[in-house]
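Okay, so the sequence shown: first residue is 26 according to my numbering, each after it adds one. Quick reminder that beta carbons are idealized off the backbone N, C-alpha and C, glycines included. Quantities reported herein were computed from a predicted structural model and do not represent experimental measurements.
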Amino acid sequence: VVITIALIWSYTRKGGIRTIIWTDTLQTFFMLFAVGLTVVLLGDKLGWSLGETMTQVQESPMSRVFFFDDPKPGTFFWKQFLGGMFIAIAMTGLDQDMMQKNLSCRNIREAQKNMVSFSLVLVVVNVVFLALGVLLYLYSAKFHVVLPRQADQLYPMLATMGELPVIVGLLFILGLIAAAYSSADSALSALTTSVCVDVL
């Protein structure tokens, strides 16, 4: 951990926010590549083409996104909509980690473009991750894999326990490292900015 933080600190100190933007872009690419390839490999293992895989995901009851019928559960559309709206305001307006990328834009027009492109990309990323989740459960059902107690342990379990090809395990570790570096370097820079601007 100390070596990782030291490495992040050194490239952040040398290049500043530009380095963070470039490294975040590369790390995000590797993470999404890992997830995308895992989706393709899972579909292949299930005996489906890419088109069939998407059809199976779409037809799965787990792919249902909008719930209008019962207002009591947390999945009710208007609860999700309002909650998402407040999370977006908090994330993009109050979180230094997210704001530093907008603050580094040349002008407000560039920052607005950044927000719109970020939102569009985030929709695609969420769809890919949700498709991965559905495929993991379809795979588990077909091959009678005992599900772990915590749902978020299913992907690591399948990726590293030999259930899937070795490449999936390697991609999972690559994606995990990319996500860790991406989060850590942004947080380190945000903390530095907050301390320098607000404290010193």
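Looking at the unbroken alpha helix (DSSP H) that takes in residue 106, where does it start and where does it end?
102-114
What separation, rounded to the nearest whole angstrom, lies between the Cα atoms of residue 94 and residue 113?
25 Å
DSSP on residue 92, reduced to helix/strand/coil?
strand
Helix, strand or coil at residue 177 according to DSSP, with G and I counted as helix
helix
DSSP three-state assignment for residue 120, whether helix, strand or coil
coil
Roughly how many angstroms separate the alpha carbons of residue 196 and residue 85, rounded to a whole number?
25 Å
Do residue 164 and residue 75 have their beta-carbon atoms positioned less than 8 Å apart in this structure?
The answer is no: Cβ separation not under 8 Å.
Would you call residue 35 buried or exposed, if buried means 16 or more other Cβ atoms sit within 10 Å of its Cβ?
Under this definition residue 35 is an exposed residue.
Just checking, does the region 168-180 make contact with the region 143-152 on the three C-beta pairs under 8 Å criterion?
no
Using 10 angstroms around the beta-carbon of residue 83, count the other beta-carbons present and answer buried if the total reaches 16, otherwise exposed.
exposed
Three-way DSSP call (helix, strand, coil) for residue 186 in this model:
coil
Give me the Cα-Cα distance between residue 63 and residue 183, rounded to the nearest whole angstrom.
The straight-line gap from Cα to Cα measures roughly 11 Å.
With DSSP run on the structure shown, which of helix, strand or coil describes residue 73?
coil
Hey, could you find the ends of the alpha helix (DSSP H) residue 134 is sitting in?
That run of the alpha helix (DSSP H) goes 133-167.
Does the structure place the region 89-107 close enough to the region 116-135 that three or more beta carbon pairs sit under 8 Å?
no
Among the candidates 31, 92, 57, 32, whose CA atom is the shortest distance from the CA of residue 200?
57
How would you call residue 33, buried or exposed, if buried means at least 16 neighbouring beta carbons within 10 angstroms?
Residue 33 is classed as buried because its beta carbon has at least 16 other beta carbons within 10 Å across all chains shown.
Give every residue of the same chain whose Cβ lies closer than 6 Å to the Cβ of residue 101, excluding the five residues on either side of it in the sequence, and list them in chain order.
These residues qualify, in order along the chain: 92.
Determine the contact status of residue 207 and residue 52, defining contact as a CB-CB distance below 8 Å.
yes
Grab me the residues of residue 61's own chain with a C-beta within less than 8 Å of its C-beta, minus the 5 sequence neighbours each way, in chain order.
153
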